[in-house]
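To start, the structure under review is shown below, and the notes come after it.
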Amino acid sequence: MKLALALALLPGVSAQQLDGISNSTRRSLFRWDPKPLPPNWWEPLSRPGAAPNCSCHKGVFRISGSYGRTNNMLIELTHALAFSVTHTPPLMVDLRNMKDLAQSFDLRAATQGWACVVIDQRDLVPGCTNLYHQRESSARNVYGAPENPVVGDSFRANVLKQVLLRPFEPLRKAVHTFEEQHGLTNGFTAVHLRALENACVALLKRQLNTDYGDVRVPGYVQFLRDAQMDAADVCDMTDRYLDEILSRAKVKHLPMVVAHDRQKPSRLGQISRRYGAVSYTGAMGVFVDVLLLLRASYMIGNPASSMSGNVACVRSLLDLETNFGDPMQWWARFTGHQAGEWNTEPTRAKLAGPGNKLW
Numbered sequence: 005m006k007l008a009l010a011l012a013l014l015p016g017v018s019a020q021q022l023d024g025i026s027n028s029t030r031r032s033l034f035r036w037d038p039k040p041l042p043p044n045w046w047e048p049l050s051r052p053g054a055a056p057n058c059s060c061h062k063g064v065f066r067i068s069g070s071y072g073r074t075n076n077m078l079i080e081l082t083h084a085l086a087f088s089v090t091h092t093p094p095l096m097v098d099l100r101n102m103k104d105l106a107q108s109f110d111l112r113a114a115t116q117g118w119a120c121v122v123i124d125q126r127d128l129v130p131g132c133t134n135l136y137h138q139r140e141s142s143a144r145n146v147y148g149a150p151e152n153p154v155v156g157d158s159f160r161a162n163v164l165k166q167v168l169l170r171p172f173e174p175l176r177k178a179v180h181t182f183e184e185q186h187g188l189t190n191g192f193t194a195v196h197l198r199a200l201e202n203a204c205v206a207l208l209k210r211q212l213n214t215d216y217g218d219v220r221v222p223g224y225v226q227f228l229r230d231a232q233m234d235a236a237d238v239c240d241m242t243d244r245y246l247d248e249i250l251s252r253a254k255v256k257h258l259p260m261v262v263a264h265d266r267q268k269p270s271r272l273g274q275i276s277r278r279y280g281a282v283s284y285t286g287a288m289g290v291f292v293d294v295l296l297l298l299r300a301s302y303m304i305g306n307p308a309s310s311m312s313g314n315v316a317c318v319r320s321l322l323d324l325e326t327n328f329g330d331p332m333q334w335w336a337r338f339t340g341h342q343a344g345e346w347n348t349e350p351t352r353a354k355l356a357g358p359g360n361k362l363w
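Every position in the sequence shown, counted from 1, becomes a number in the numbering used here once 4 is added.
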C-alpha cells in the first residue's frame, strides 16, 4: 500500500520545546562539521567493521547524464550511496558529474570511513588493478528510485546532514556574512517560497486530495480546511498562511528570511514589505538558500518541494522545528513509493581486465 503524504502542521509548541529550550536557543547550538559516521552505521545493530579501502576498490557505480538541479542532485547522491554501500562487493561512487556539489561541499569528509567516492583524478590510484566491476544508471532512474530498504528510511537524512554541514569556506563565509549583515545571528524564521515552474498548486492539490489505499491524507488537509485555506495559500505563502504558522510556532518575534526560486518576484516583494523579510541575492545562491533554511530557528517549508522536505529531514536530526509533521518519512510519503527492491535499470556491468581501463 502506498504511503500518504503526512505533513501535519505542528500544533504550536512541541513536546521537545516543553523542556524550556526555545527555538532560538536551539538554533544557537548549530555546528558545522558533524561527527563522522562509522562503518556500517546504517545497519540496525551497527555492527563494528573496518573502513573501506578507498585507495584500491573493487568496483564503481556511475551516474550517467543529469536530471534536474540542485536538490535532485542531492537525492541522486544519497540514492547512489545507498546502492553502492549495500552492493556486493561495495562500490565506489563516481561523482565527477556533480561538480557544483563537489566544489561547494566536502564530499570526501562527508563519506570518510564508510563509503568511497570519486571526486577527481586524485581518487584513482595508478596501478590499482582491482577495479573490475562497473554498474551504471541514468540520473533520472537514480533520482526516481524508492528508498533502499536495506539502509532504512533515515539513510538519506543522515547522509544529507553530513554533506550540508560541511560547506567549503567560501560558501560558509557567504552564509555567515549574510546573517551578520541582516541581524540574524540570534535566530530567524526561514520561509521557502516555491513556484515549481507554476506547477506548485497542481502538485499540492494532487497530494492533498488523493487517497492512497485506505489512508486519507491526515493533518494538513484538516488544518487548511479549518483555516479556510487551500493549496494556493501554501504555494504563495499568503499572509494569512504565514500569520497562522508564525503564531502557532510562537516565532512572530523573529526576523524573516525568504529562500525562493526566483519565480514569484511580486509575492516576494509583498512578503518583504509586510514582514521586513530579506533574501540572499549573491553568488552560490541556491546553496546559500539551502543552508539558511537549515540554520533557521524555525522553517516554514513548502510540502510540494523536495528541497523543503530534505531540509526538514536534516533539521529533525538537529532537533530544529519545521511545519512538517514527520519529515523522516517524508520522501516515501512525497513520492508514494513503497519500500521495495532497488532498481537501477537500465544497468550494465562491465568486466575490465588488464588493458581495459574504466577511465
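All residues carry an ideal CB built from backbone N, CA and C; glycine is no exception.
- Query: Going straight from the alpha carbon of Y71 to that of N101, what length do you get?
  - Reply: One C-alpha to the other measures close to 11 Å.
- Query: What are the start and end residues of the alpha helix (DSSP H) that includes S158?
  - Reply: Element bounds for S158: n/a, residue is neither H nor E.
- Message: D243 and Q274 - do their beta-carbons sit closer together than 9 Å?
- Response: Yes, the pair counts as a contact, with Cβ atoms nearer than the cut-off.
- Query: In this structure, does DSSP put R73 in helix, strand or coil?
  - Reply: Judged by DSSP in its simplified three-state form, R73 adopts coil rather than helix or strand.
- Query: What do you get for W118, buried or exposed, if any count of 16 or more other CB atoms within 10 angstroms of its CB means buried?
  - Reply: The residue in question, W118, is buried, as its Cβ has 16 or more Cβ neighbours within 10 Å.
- Message: I'd like to know whether the C-beta atoms of A281 and V255 end up nearer to each other than 9 Å.
- Response: Taking 9 Å as the Cβ cut-off, A281 and V255 do not qualify as a contacting pair.
- C-alpha gap between H264 and C60, whole angstroms: 43 Å
- Item | Entirely enclosed alpha helix (DSSP H) segments - the stretch 104-191, minimum 4 residues | 111-115, 143-148, 159-168 and 173-185
- Query: Over what stretch of residues does the alpha helix (DSSP H) that includes R299 continue unbroken?
  - Reply: G289 to R299
- Message: In whole angstroms, give me the CA-to-CA distance for T90 and V195.
- Response: 36 Å
- Hey, C152 and F87: beta-carbon distance below 9 Å or not? Looking at the sequence provided, one finds Asn at residue 152 rather than Cys. For N152 and F87, yes; Cβs fall inside 9 Å.
- Starting from the Cα of C58, find the closest Cα among H83, Q116, N44 and G69 and give me that residue. Q116
- Skipping 5 residues on each side, what residues in its chain have a beta carbon closer than 6 Å to that of L207? A308
- Query: Helix, strand or coil: which one does DSSP assign to S276?
  - Reply: Of the three classes helix, strand and coil, the one that applies to S276 here is helix, per DSSP.
- In whole angstroms, what is the alpha-carbon distance linking R144 and E173? 31 Å
- Distance between N190 and T92 (C-alpha atoms, nearest Å): 48 Å
- Query: Closest to A235 by CA distance: which of Y284, R198 and Q107 is it?
  - Reply: Taking only the C-alpha atoms, the option nearest A235 is R198.
- Query: DSSP on Y284, reduced to helix/strand/coil?
  - Reply: coil
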